[in-house]
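All residue numbers for the sequence shown refer to the numbering used here, where the first residue is 83 and numbers rise by one. We put the beta carbon where it would ideally sit given N, CA and C, even for glycine. For clarity, every value in this text was computed on a predicted model and none was experimentally measured.
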Amino acid sequence: MKAISPLVSVIMLVAVALIVSGIVINWGIGFTETKRSEVQFCSGADIVIEKAYYDEDTGDTRLIIRNSGKVPLKGFNVLLYYENGTAESPEGQYSDYEIQPDDIITFQVSVDPFFRELIVQSRQCKKAQNAVLVYDIEGF
Numbered sequence: 083m084k085a086i087s088p089l090v091s092v093i094m095l096v097a098v099a100l101i102v103s104g105i106v107i108n109w110g111i112g113f114t115e116t117k118r119s120e121v122q123f124c125s126g127a128d129i130v131i132e133k134a135y136y137d138e139d140t141g142d143t144r145l146i147i148r149n150s151g152k153v154p155l156k157g158f159n160v161l162l163y164y165e166n167g168t169a170e171s172p173e174g175q176y177s178d179y180e181i182q183p184d185d186i187i188t189f190q191v192s193v194d195p196f197f198r199e200l201i202v203q204s205r206q207c208k209k210a211q212n213a214v215l216v217y218d219i220e221g222f
């Protein structure tokens, strides 16, 4: 009877180890599949700021953005970098914007006139981004 107890313990330990490893492997397969499909999708993503101009009366910068990639993009971040090294993301409804390949959309961004660089970035594909320096914006 004493010899059976360690045998049952070993069998239970092996069973638990197999169950846990099965769960981890299943999660890993799902995770890598998700990342692989995301990378494939984003490899065809790109945006270009076609034109940017500043309206002195409103303090807004208008950006004309073209989806130069091969996939539709939805949701964007706008980032402003300042001369002192700080950065901010101005509030706006950029998460609602959707742009098909080769289509053009217009953003209107309220900016502080002391920024040096403005970046528009896709929320879906972070590497689909484009920047414009303050010197390249008409009206500044």
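Residue span of the beta strand (DSSP E) that contains residue i, given as start and end
i           : result
residue 103 : Where residue 103 is concerned, there is no enclosing beta strand (DSSP E), although the alpha helix (DSSP H) it sits in stretches over 86-124.
residue 203 : 197-204
residue 190 : 186-192
Helix, strand or coil at residue i [DSSP, three-state]
i           : result
residue 223 : Nothing about residue 223 can be read from this structure; the chain reaches only from 83 to 222.
residue 163 : strand
residue 176 : helix
residue 130 : strand
residue 152 : coil
residue 140 : coil
residue 210 : coil
Nearest residue (CA-CA) to residue i, options the options
i           : options            : result
residue 166 : 95, 192, 197, 150  : 197
residue 160 : 109, 202, 138      : 202
residue 182 : 163, 156, 192, 176 : 156
residue 138 : 191, 208, 200      : 191
residue 177 : 193, 207, 194      : 207
residue 173 : 189, 90, 219       : 189
residue 170 : 194, 179, 150, 184 : 194
residue 211 : 116, 220, 149      : 149
residue 130 : 219, 186, 199, 111 : 186
residue 122 : 145, 168, 209      : 209
residue 164 : 215, 126, 141, 127 : 215
residue 199 : 219, 90, 105, 127  : 219
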